[in-house]
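Q:
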Amino acid sequence: MKVFNIQPIAGCLLCCAVFGSQCFFPSHAEAQSRRSESIQTPAPPERPASVFHTIAQEEEASQPETNEDGELMLPPTVVEEERTGTEEEQPPQEESFDTPQPPPPTPTPQSQAGESGLGLFNDYQYSVESAPFGTKTDIPISETPFSIQVVPQAVIRDQAAQRLDDVYLNVSGVAEAGNTLNAQSEVLPIIRGFESPVFFRNGMRATSVGSVELLNIESVEILKGPASILYGALQPGGVLNYTTKKPVEGYFYEFNQQIGSFDRFRTTFDINEPVSEDQTLLFRLNGAYTSSNSFRDVIDLERTGIAPSILWRPNKDTELLVDFSWSREWVPYDSGVPLGFNNEPLVPISTFFGDPTYAGRDLEDFFFSTLLTHEFSDQLTSRTQFLFHQVNAKNEAIRHRGLRGTVGNEVIRGRYQNEDRTDEAVQVVSDIIMKFGSGDIEHTVVYGVDVLYETSDFARHRENTPNIPVSANPNFRYTPTSTAPDNFLPSEQFWLGTYLQDQITFADDWHLLIGGRFDYVENSSAVDGVSRPNSYDSDFTGRIGLLYDLTDTISPYVSISQSFVPPFSGAVDQTGNQLAPETGLQYEAGIKMESYDKKLLATAAVYRIEKEDVALFDQNFFNNTGNIAYIPGVNQRSQGFEFDLLGELNDVMNIIGNYAYTDTATTQNLVDPTVVGNRLGNAPLHISRVWLTYNSPKGSTMEGFGFGGGPRYQSHSLAEFDTSTVLGSYIYYDAGIWYRQPKKCGGPSWQYQLNFYNIFDTEYYARASTRDIVHPGTPFSVIGSIGIDY
285 MKVFNIQPIA GCLLCCAVFG SQCFFPSHAE AQSRRSESIQ TPAPPERPAS VFHTIAQEEE
345 ASQPETNEDG ELMLPPTVVE EERTGTEEEQ PPQEESFDTP QPPPPTPTPQ SQAGESGLGL
405 FNDYQYSVES APFGTKTDIP ISETPFSIQV VPQAVIRDQA AQRLDDVYLN VSGVAEAGNT
465 LNAQSEVLPI IRGFESPVFF RNGMRATSVG SVELLNIESV EILKGPASIL YGALQPGGVL
525 NYTTKKPVEG YFYEFNQQIG SFDRFRTTFD INEPVSEDQT LLFRLNGAYT SSNSFRDVID
585 LERTGIAPSI LWRPNKDTEL LVDFSWSREW VPYDSGVPLG FNNEPLVPIS TFFGDPTYAG
645 RDLEDFFFST LLTHEFSDQL TSRTQFLFHQ VNAKNEAIRH RGLRGTVGNE VIRGRYQNED
705 RTDEAVQVVS DIIMKFGSGD IEHTVVYGVD VLYETSDFAR HRENTPNIPV SANPNFRYTP
765 TSTAPDNFLP SEQFWLGTYL QDQITFADDW HLLIGGRFDY VENSSAVDGV SRPNSYDSDF
825 TGRIGLLYDL TDTISPYVSI SQSFVPPFSG AVDQTGNQLA PETGLQYEAG IKMESYDKKL
885 LATAAVYRIE KEDVALFDQN FFNNTGNIAY IPGVNQRSQG FEFDLLGELN DVMNIIGNYA
945 YTDTATTQNL VDPTVVGNRL GNAPLHISRV WLTYNSPKGS TMEGFGFGGG PRYQSHSLAE
1005 FDTSTVLGSY IYYDAGIWYR QPKKCGGPSW QYQLNFYNIF DTEYYARAST RDIVHPGTPF
1065 SVIGSIGIDY
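For reference, each letter of the sequence shown is one residue, going 285 to 1074 in the working numbering.
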């Protein structure tokens, strides 16, 4: 059979010559992605290799040449015989400006142009081969001896995710924490039963979570288990890292408009342009504006953000990425609703307990970062990152702080609070990656140094307000005697860490990962001008794992890892005593299974985590006194089973699905021994989610049309700081339908999308801190969007 195979670049140039239109050239990232597929994902032996395997190689040829008269010379049309899988593929041609390997923690963006010159809207890819955050190298996920899950851009787009928790709930064993200040602002994840209060941004610590704007997020990675060996003080359940979009070769201009339930209005844009003709200097700009009400009374959100970035490649071995983002958010403070003394609902889920005349939360978040990568040789690469992060937060509100009274005569206590807080952090991380080996043994070594300095200036004024009856129309109006801050809580932290990791492959099928880290931490703080004792802590943490390629598609593994979290100087018990550092230890075993074409990956894992000297927030002490204290002498454990599935079932169907069984317990509490054996808060025993999509085949009359949907189930859970409060189990269903016009040469591509959330309008409570602070889940809602991509 004869196959006529015209290179996409040549065809696009021909199209431009005929129609006089500018065309969308495949990006550098796309070319890299295709070359990787042609090398690393051969078809299984029993299948004939598709002629399309050669397209990725042909597209890597240099830019079209001109003859001696200056005329453009198009590459020739290639006529090929159908090949069989027994023929050897030709090695890819070298390109200019290869991205240095191994890649930085910011992974290469997924195909920005789609295949064959299609636009941004036509990227259907759910499959992910690597997640550099897990090891700081380019090792495939299928070769890592621990669980790491990725939610790619295609999932974020198909689900029309609005907040970060919409994204991370696609991962097994992840639930929402209850101690969030605002139901419509950032919600911290609970991973494998333990709250994870720190996010990472491109592999750098975002010390103050603030509010994460999705406008420039490329993907979200969750590394399960302790990650202290590479990233310092972290909880043993796991950590979330989000990667931002960076410039790519070629031009595109994307604009999107959303409208939806609760008067939602959101405008976004994504502009990418090369600054230089030789594509060595690239620029990208993302922006967003959001205005929305809520099913909660008087909760209206306004958020704006912008994120420019520049990528400079002065030569084929060096790359400098400069990245900036700014966002600002205004939203009332929302403490949710109280449940009754018998865990029964007392008011409608829309009821707001607060004073709507106060401004609530005004949050400004600023990031500036650089990433310099230089490849000295194929065996030696250096990577240096710098991050400056500043959060300015003002919050003036009436908060409810406890249910009192008797059954049928409940009252709510309130407190006026005016806060002004500024957090700043400067971090530098420098890594050296070395590759070497002899015989059938290969090493990939990472040595790094991590320095962090952060400060926090926190000032506030508080007044207790009169109790009010619990009703569907609470009246929390209150005029404070003063608004000037009279409580000052500054703090500083200095962190120095150094680590060494070696990934060893031997006998082709065995993969050993071993590493260790030493941390030194200094903390200082004061209360109203009176200094607290400084704290000095240091510790060594390690990680070791072994994975065996049982077959080409099945790989069992085992691993052991440790965590270390020093207390900050303000972390004291009720009597003012400093707490001991938290430590964690995890044992994990699992199996990874992937399809022959590496487009579908499943991970099954069992684990046990033991956590000692837990700094457990004393919610009751805070409610009664307004002062922050922690309960000492607490040990906890979590054990369970997880299953994740991500990728392409076939050419038209994608899936992301998971199930987790999470068994948690308090194993020691010296203050209150009666809670020993109790499950941990906001850690449901069962969680499962499935999201399945269908996209019409490329080239068909329905190309561009697609739809998707699926359920999320969560069994009953307990309030985070009051395990006598029980939240019921629930299941809800989401769905979406879309048409993404195929990108044609010289013209725009349009997108139309409609997403439905909680289709059957299930009423449920998603999370809780105590009986008094319970956050309802969002009822049925719809979001429609229209977008254009040039």
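Note that beta-carbon positions come from the ideal geometry of N, C-alpha and C, so glycine has one too. A quick note: this is a predicted structure, and the numbers were derived from the prediction, not measured.
Whose C-alpha, out of F672, G698, T977, is nearest the C-alpha of Y737?
A: Here the question's residue 737 lines up with position 453 in the sequence shown. When the alpha-carbon of Y737 is set against those of F672, G698, T977, the nearest one is in F672.
Q: Which runs of the beta strand (DSSP E) spanning at least 3 residues fall entirely within the segment 485-538, listed in chain order?
A: For the segment 485-538, whole beta strand (DSSP E) runs of length 3 or above, ordered along the chain, are 488-490, 501-508, 522-528.
Q: Taking C-beta to C-beta, are G965 and G457 nearer than 9 Å?
A: To locate residue 965, count along the sequence shown from 1; it is residue 681. To locate residue 457, count along the sequence shown from 1; it is residue 173. No. Outside cutoff.
Q: Is T383 helix, strand or coil when you go by DSSP?
A: Against the sequence shown, residue 383 aligns to sequence position 99. Only weak support exists for where T383 lies, its pLDDT of 40 falling under 50; the coordinates are left without a value.
Q: In chain order, which continuous runs of the beta strand (DSSP E) of length 3 or greater are located wholly inside the segment 683-723?
A: 693-722
Q: Would you kindly report the start and end of the unbroken alpha helix (DSSP H) that includes T909?
A: Translated into positions along the sequence shown, residue 909 becomes position 625. Here the alpha helix (DSSP H) through T909 covers 903-909.
Q: Under 8 Å, with one C-beta from each stretch per pair, do the segment 605-618 and the segment 672-684 reach the 3-pair mark?
A: yes
Q: So, is Y783 buried or exposed, given that buried needs 16 or more other C-beta atoms within 10 angstroms?
A: Here residue 783 refers to the residue found at position 499 of the sequence shown. When all chains shown are included, Y783 counts as buried.
Q: Compute the beta-carbon to beta-carbon distance between R996 and L453, rounded to the nearest angstrom, for a pair I have assumed lies under 8 Å.
A: In the sequence shown, residue 996 corresponds to position 712, counting from 1. In the sequence shown, residue 453 corresponds to position 169, counting from 1. Correct: roughly 7 Å between the Cβ atoms.
Q: Please go through the segment 417-462 and give each complete alpha helix (DSSP H) segment of 4 or more residues, from N-terminal end onward.
A: Fully contained in the segment 417-462 are the following alpha helix (DSSP H) runs of length 4 or more, in chain order: 437-442, 448-452.
Q: Can you tell me the Cα-Cα spacing of P520 and D715, whole angstroms?
A: Working through the sequence shown from its first residue, we reach residue 520 at position 236. Working through the sequence shown from its first residue, we reach residue 715 at position 431. In a straight line, the C-alpha of P520 is about 23 Å away from that of D715.
Q: Assuming E1075 contacts I440 under a Cβ cut-off of 8 Å, what Cβ separation, rounded to an integer in Å, is found between them?
A: Past the boundaries of the shown model lies residue 1075; the chain is included only from 285 to 1074, so the question cannot be answered.
Q: Excluding the five sequence neighbours on either side, which residues of its own chain have a C-beta within less than 6 Å of the C-beta of S845, listed in chain order?
A: Counting from one through the sequence shown, the residue named residue 845 turns up at place 561. So the list reads G509, P510, R827, Q870, once near-sequence residues are dropped.
Q: If you compare alpha carbons, which of M718, A756, G732 is closest to I788?
A: Looking up residue 788 in the sequence shown gives position 504. Nearest C-alpha to I788: M718.
Q: Given a threshold of 16 other Cβ atoms within 10 Å of its Cβ, counted over all protein chains shown, does G990 qualify as buried or as exposed?
A: On the sequence shown, residue 990 is found 706 positions in, with the first residue counted as 1. With 16 or more other Cβ atoms within 10 Å, it is buried.
Q: Whose C-alpha, out of A415, E427, V412, is nearest the C-alpha of D833?
A: Position 549 of the sequence shown, counted from the start, is the residue given in the question as residue 833. D833 has its Cα closest to that of E427, out of A415, E427, V412.
Q: If I'm right that E533 touches D601 with Cβ under 8 Å, what's the distance once you round it to whole angstroms?
A: Walking along the sequence shown from the start, residue 533 turns up at place 249. Walking along the sequence shown from the start, residue 601 turns up at place 317. So it is not a contact: roughly 17 Å between Cβ atoms.
Q: Using the DSSP secondary-structure output, state which residues sit across from F772 in a beta bridge.
A: Numbered from 1 along the sequence shown, position 488 holds the residue referred to as residue 772. BP columns for F772 point to A743.
Q: Can you name, in chain order, every residue of its own chain whose Cβ lies under 6 Å from the Cβ of Q785, other than the five neighbours on each side?
A: By 1-based counting over the sequence shown, the position of residue 785 is 501. Excluding positions up to five away in sequence, the list reads V730, G799.
Q: Closer than 6 Å by C-beta to L565: which residues in its own chain qualify, once you throw out the five before and the five after it? Chain order, please.
A: As a working note, residue 565 is residue 281 in the sequence shown. Excluding positions up to five away in sequence, the list reads V559, W596.
Q: Which whole runs of the alpha helix (DSSP H) in the segment 561-615 are 4 residues long or more, in chain order?
A: none
Q: Where are the alpha helix (DSSP H) runs, 4 residues long or more, that stay fully inside the segment 860-926, in chain order?
A: Within the segment 860-926, the alpha helix (DSSP H) runs of at least 4 residues that lie entirely inside it are, in chain order, 903-909.
Q: Quick one: any contact between the segment 942-959 and the segment 410-430, if contact means 3 or more CB pairs under 8 Å?
A: No: the two stretches stay apart, fewer than three of their Cβ pairs being nearer than 8 Å.
Q: I believe I543 touches G1068 by the beta-carbon criterion, under 8 Å. Please report the beta-carbon distance rounded to the nearest angstrom.
A: The count along the sequence shown starts at 1 and reaches residue 543 at position 259. The count along the sequence shown starts at 1 and reaches residue 1068 at position 784. Confirmed, about 6 Å.
Q: Measuring straight from C-alpha to C-alpha, what distance separates E726 and L830?
A: For the purposes of this step, residue 726 is taken as residue 442 along the sequence shown, with counting starting at 1. For the purposes of this step, residue 830 is taken as residue 546 along the sequence shown, with counting starting at 1. The alpha-carbon atoms of E726 and L830 are separated by roughly 15 Å.
Q: Excluding sequence positions up to five away, which residues of its chain have a Cβ less than 7 Å from the Cβ of Y1036?
A: Within the sequence shown, the letter at position 752 stands for residue 1036. Cβ within range, chain order: W1022, Y1023, I1070.
Q: Quick check: what's the CA-CA separation for P622 versus R761?
A: If you number the sequence shown from 1, residue 622 lands on position 338. If you number the sequence shown from 1, residue 761 lands on position 477. Linking P622 to R761 through their CA atoms gives a straight-line distance of about 18 Å.
Q: Quick one: is P865 buried, meaning 16 or more other Cβ sit within 10 Å of its Cβ, or exposed?
A: In the sequence shown, counting from the first residue as 1, residue 865 sits at position 581. By the 16-neighbour rule on beta-carbons within 10 angstroms, P865 is buried.
Q: Go ahead and pull the three-state DSSP assignment for P957.
A: In the sequence shown, counting from the first residue as 1, residue 957 sits at position 673. Helix.
Q: Nearest to T887 by alpha carbon, out of V455, E747, N938?
A: As a first step, residue 887 is located in the sequence shown; it is residue number 603 there, counting from the start. Residue V455 is the option with its Cα nearest to T887.
Q: Would F651 pass as a contact of R447 if the rule is Cβ separation under 9 Å?
A: Taking the first residue of the sequence shown as 1, we reach residue 651 at position 367. Taking the first residue of the sequence shown as 1, we reach residue 447 at position 163. For F651 and R447, no; Cβs fall outside 9 Å.
Q: If you measure between the beta carbons of E872 and E479, is that distance less than 9 Å?
A: Taking the first residue of the sequence shown as position 1, residue 872 is located at position 588. Taking the first residue of the sequence shown as position 1, residue 479 is located at position 195. Result no, Cβ atoms of E872 and E479 do not sit closer than 9 Å.
Q: Count the other CB atoms, across all protein chains shown, that sit within 10 Å of the CB of E703; report buried if there are 16 or more and exposed otherwise.
A: Here residue 703 refers to the residue found at position 419 of the sequence shown. Classification of E703: buried, given that the 10 Å Cβ count is 16 or more.
Q: Under 8 Å by Cβ, that's how I've got T728 and I513 pegged, so tell me the actual separation to the nearest angstrom.
A: Taking the sequence shown and counting its residues from 1, the one referred to as residue 728 is at position 444. Taking the sequence shown and counting its residues from 1, the one referred to as residue 513 is at position 229. T728 to I513, Cβ: 15 Å. No contact.
Q: What separation, rounded to the nearest whole angstrom, lies between the Cα atoms of L1002 and T948?
A: What you label residue 1002 is simply residue 718 of the sequence shown in a count that begins at 1. What you label residue 948 is simply residue 664 of the sequence shown in a count that begins at 1. Computed Cα separation, rounded: 11 Å.
Q: At which residues does the beta strand (DSSP E) containing V974 begin and terminate?
A: Start at 1 with the first residue of the sequence shown, and residue 974 comes out as number 690. Note, V974: beta strand (DSSP E), 970-979.
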